[in-house]
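The listed protein sequences derive, respectively, from chains A and B. So for the first sequence, the numbering used here puts the first residue at 1376; every next one is plus one. So for the second sequence, the numbering used here puts the first residue at 24; every next one is plus one. Each residue gets a CB set at the ideal place from its N, CA and C atoms; glycine is no exception. Since we're looking at a predicted model, the values are computed, not measured. Shown next, in structure tokens, is the structure this report addresses.
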Amino acid sequence: MAQAHCHGPNPSVDLPQQATKVVLVGNPNVGKSAVFHALTGIYVEVSNYPGTTVDVSSGRMGDLGIYDTPGVYGVSSFNEEERVARAMILEADIVVNVVDAAHLNRDLFLTLQIIDMGFPVVVALNLMDEARVNGLAIDVERLSAELGVEVIPTVAVRGEGIAELKAAIKRARRGRPTPEVASRLPGDLPQVDGVLWLEDDPETCTRIGREGPGLQEEIYRARRRRADEIAERVISETTAGASLSARLGRLALHPLGGLVLMAAFLLVMYQVLGVWVAQDVVAVTEEIWMGEYYVPWMTDLVGRFIPVESFLGQILVGEFGLLTMTVAYLVGLLLPLVLGFYLFLALAEDSGYLPRVAVLVDRLMTVVGLNGRAIIPTILGFGCVTMATVTTRLMGTQRERTIATFLLSLAIPCSAQLAVITVMLVPLGPAYLFTFIGVLLLVYGAAGAVLNRILPGESSDLLIDLPPLRLPRMKNVLQKTFLKARSFLAEAWIFFVVGALLISILDQTGALAAMSGALAPITEGWLGLPRDAAQAFIMGFVRRDFGAAGLFNMALDAHQTMVAVLTITLFTPCIASIMIMFKERGKGQGAAIWLADIVLAILLGGLFHRILVW
Amino acid sequence: MTLDQTKPGQTFLIRSIDDPRARLAAIRFGIAEGSRAACQTVLPGGPVVVRKGKQEMALGRSLAHRITVELVEG
């Protein structure tokens, strides 16, 4: 689906077209993926943040096709995930509605909407363990009677209630619709269309060629009232005390405690990624495994068949060798850092911490015309800018998408690039690293603030639901880390190979020296870098990290390293990102953003050089 | 008064939400005009975190300013 090309494999089974379709529907973070997994036995990603799993999974349970949908709060088309979920629900023969027992009140809105639409439904009342911890008791029989469909209590991650749920799916039946909806249904439309038409669903209105009655809000209110009433009748509180998770959740958002916690999280991340992985681990994988064993061995091996100094020899095992440098960077340098980054991302997602970060930074993000939710594409950008550009779709307005896309392409280095940058900057000492971070933040803030001022329109406000903080399940976290790192490298290697090939050819034919000469006024004159730095910038067009990797081998002093690293970071994003940017933002805007990146990078790099000299 | 003026611990009834899109989204989260909720946290200059039952949601400052509430006894 939306992120298909960059991340997340899509476990999918071939099913005959006429097989009964059972579609899993539920709010975000209710354990829907765990229910899916328990029903089908196929592994799927279990994600904790709304907006990160637009991928859709399917599996098989006997002769039934089971489909997992993105978590949504209702059937409509407010955003990308909702459009995906809506389309899949409309195809359903049976709906399994997974609800969070601890947040029944919220979840019942969707349950009632599905029931109103006339689907045969079974409700999986999941996370019963969390409800108990929170001191909630739920009268399951009463709930079932109110809804008119079977309700099965489950704890999907432990497999509790799954056998009962499997049996109940075969008995799924239509429930009791909301009276305010049922009484207004037009007789000449199928029930699903009738309900969507009553709610002024734009797509349905267009398809049936009839204008909506303008009742969306009235219907929503009626359903909310009924959901609240049902929740009132079936839930009883056994204890009033807040659980540890609730208390921690509150600490994470405390104006002071929240900042301390976030600083601690970032510090741990820096220690692990910046110090331990970038230095100790990479010293072994890159310098020893690759540098001392693999590269000499490969050069020697190839040298037995082709002279190393020949054209082909240089392409294979030369300075930018396909079999030497390319492999050494991908495996020795990138892999450890990319794995480390995705591990932290998976932890933040699965624990429910990420949405809290969104709340903490909301105030700051409004300066650049975004709201706190934009922290998700931003953080994802530190993994892969391409993937992050796709997720800007979760933002409320086109205006925000333009700002976010531009800032991603300008001031957010991806994990591959960060890997090289960290290795270059860390030996210079913390002062350089913090200056680098400070300048990037400044550029991010200033560029965003300018766009916020000149772009017409208004940005949308933060309005998010906060999932409970949970202890992440290590198995999920590790599996997710591994899958994401793998698909990242699967996507990245080809650009590395093409880039290495291109540079080798340019180098061997003397074109590189000519270009470096032509660009000397910019590299030497304006940026104060050696002439060869132009090579790195040319490589930067292929992949940013590849450009940074080109700088890695040059003899630069601390000052030059700083200017070079900063310029290459602001410089154009990789080809994959540029293509996605053009696709998402249109040719005109895409080109404008791209040009602005290049011009700003050179301009600011030179200014920074002059400030440092001064 | 408006939601951005509430203090942590205060309980209130929501009177009106002056933003059609947010109004629909809020109904689905569980808060509609007439709902009873409590202020959980207010970040300085930033979002207001509101709690209804076991559920928590965060609203940006300027949205909170467009929501009218009436304080009630907790």
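Outcome for residue i when other beta-carbon atoms lying within 10 angstroms are tallied against a minimum of 16
i                : result
I1812 of chain A : exposed
E96 of chain B   : exposed
A1860 of chain A : buried
I1778 of chain A : buried
N1472 of chain A : buried
V1659 of chain A : exposed
Y1668 of chain A : exposed
I1527 of chain A : buried
P1403 of chain A : buried
D1737 of chain A : buried
V1388 of chain A : Confidence in V1388 of chain A is poor, its pLDDT being 46 and thus under 50, which makes the residue's placement unreliable; the coordinate value appears in the next sentence. Answer is exposed; the Cβ neighbour count stays below 16.
T1741 of chain A : buried
K1997 of chain A : Residue coverage of chain A in this structure runs from 1376 to 1989, which leaves residue 1997 of chain A outside it and unanswerable.
N1480 of chain A : buried
M1665 of chain A : buried
A1413 of chain A : buried
S39 of chain B   : exposed
S1685 of chain A : exposed
Y1424 of chain A : Unreliable positioning characterises Y1424 of chain A in this predicted model, as indicated by a pLDDT of 31, which lies under 50. The coordinate reading is nonetheless provided below. With 16 or more other Cβ atoms within 10 Å, it is buried.
M1855 of chain A : Per the sequence shown, the amino acid found at residue 1855 of chain A is Lys instead of Met. Result: buried.
V1930 of chain A : In the sequence on display, residue 1930 of chain A carries Ala and not Val. It counts as exposed.
K77 of chain B   : buried
T1884 of chain A : exposed
D1655 of chain A : exposed
E1344 of chain A : In the structure as shown, chain A begins at 1376 and stops at 1989. Residue 1344 of chain A is therefore absent and cannot be evaluated.
N1509 of chain A : buried
G1426 of chain A : At G1426 of chain A, the pLDDT of 37 sits below 50, so the modelled position is not reliable and the matter cannot be decided from this model.
W1572 of chain A : buried
Sheet register partners of residue i (DSSP bridge)
i                : result
C62 of chain B   : B:V73
R1435 of chain A : A:G1440
V1474 of chain A : A:L1500
I37 of chain B   : B:V92
I1513 of chain A : A:I1610
G1401 of chain A : A:V1473
K1396 of chain A : A:G1440
A55 of chain B   : Answer is none; A55 of chain B lacks a bridge partner.
M80 of chain B   : A:D1840, B:V73
T1674 of chain A : Bridge partners of T1674 of chain A: none, in fact.
Interface flag, residue i vs chain B, CB-CB below 9 Å
i                : result
Y1448 of chain A : yes
N1509 of chain A : yes
V2065 of chain A : Here chain A comprises residues numbered 1376 to 1989, so residue 2065 of chain A is not present and cannot be evaluated.
E1592 of chain A : yes
N1404 of chain A : no
R1452 of chain A : A small fix is needed here, since residue 1452 of chain A is Ser in this sequence, not Arg. Output row for S1452 of chain A: interface = no.
Y1728 of chain A : no
I1897 of chain A : no
G1820 of chain A : no
R1599 of chain A : yes
L1841 of chain A : yes
Y1595 of chain A : yes
G1587 of chain A : no
A1602 of chain A : yes
G1771 of chain A : yes
A1606 of chain A : yes
G1981 of chain A : no
Cutoff 9 Å: residue i Cβ touching any chain A Cβ
i              : result
Q28 of chain B : no
Q | Whole runs of the beta strand (DSSP E) within the region 1573-1661 of chain A, excluding any shorter than 3 residues | A | 1610-1612
Q. What are the start and end residues of each continuous alpha helix (DSSP H) run of 4 or more residues lying completely inside the region 1519-1559 of chain A, in chain order?
A. 1537-1544, 1554-1557
Q. Which residues, in chain order, does the region 31-43 of chain B contribute to contact with chain A at a C-beta distance below 9 Å?
A. D42, P43
Q.
My parser needs the beta strand (DSSP E) runs of 3 or more residues fully inside the region 1816-1881 of chain A; what are they?
A. 1838-1841
Q: Determine which residues of the region 43-63 of chain B have a Cβ less than 9 Å from any Cβ of chain A, and write them out in chain order.
A: P43, R44, A45, R46, L47, A48, A49, I50, R51, F52, G53, I54, A55, E56, G57, S58, Q63
Q: For the region 1927-1966 of chain A, list the alpha helix (DSSP H) runs that are entirely contained and at least 4 residues long, ordered along the chain.
A: 1933-1945, 1950-1960
Q) Taking any Cβ of chain A, which residues in the region 76-96 of chain B have a Cβ under 9 Å from it, in chain order? A) G76, K77, Q78, E79, M80, A81, L82, G83, R84, S85, L86, A87, R89
Q | Selection of the region 65-76 of chain B by Cβ proximity to chain A, strictly under 7 Å | A | L66, P67, G68, G69, P70, V72, G76
Q. Along the region 1614-1648 of chain A, what residues have a CB closer than 8 Å to any CB found in chain B?
A. A1621, G1624, R1625, L1628, H1629, P1630, G1633
Q) Which residues, in chain order, does the region 1476-1490 of chain A contribute to contact with chain B at a C-beta distance below 8 Å? A) A1477, H1478, N1480, R1481, F1484, L1485
Q: Using a Cβ-Cβ cut-off of less than 8 Å, give me the residues of the region 1734-1749 of chain A that come near chain B, in sequence order.
A: V1734, L1735, D1737, R1738, T1741, N1746, G1747
Q: With a floor of 4 residues, list each alpha helix (DSSP H) that falls wholly inside the region 1686-1737 of chain A, ordered by position along the chain.
A: 1686-1692, 1710-1725
Q | Where the region 1828-1839 of chain A meets chain B: residues whose CB sits under 7 Å from a CB there | A | D1836, L1837, L1838, I1839
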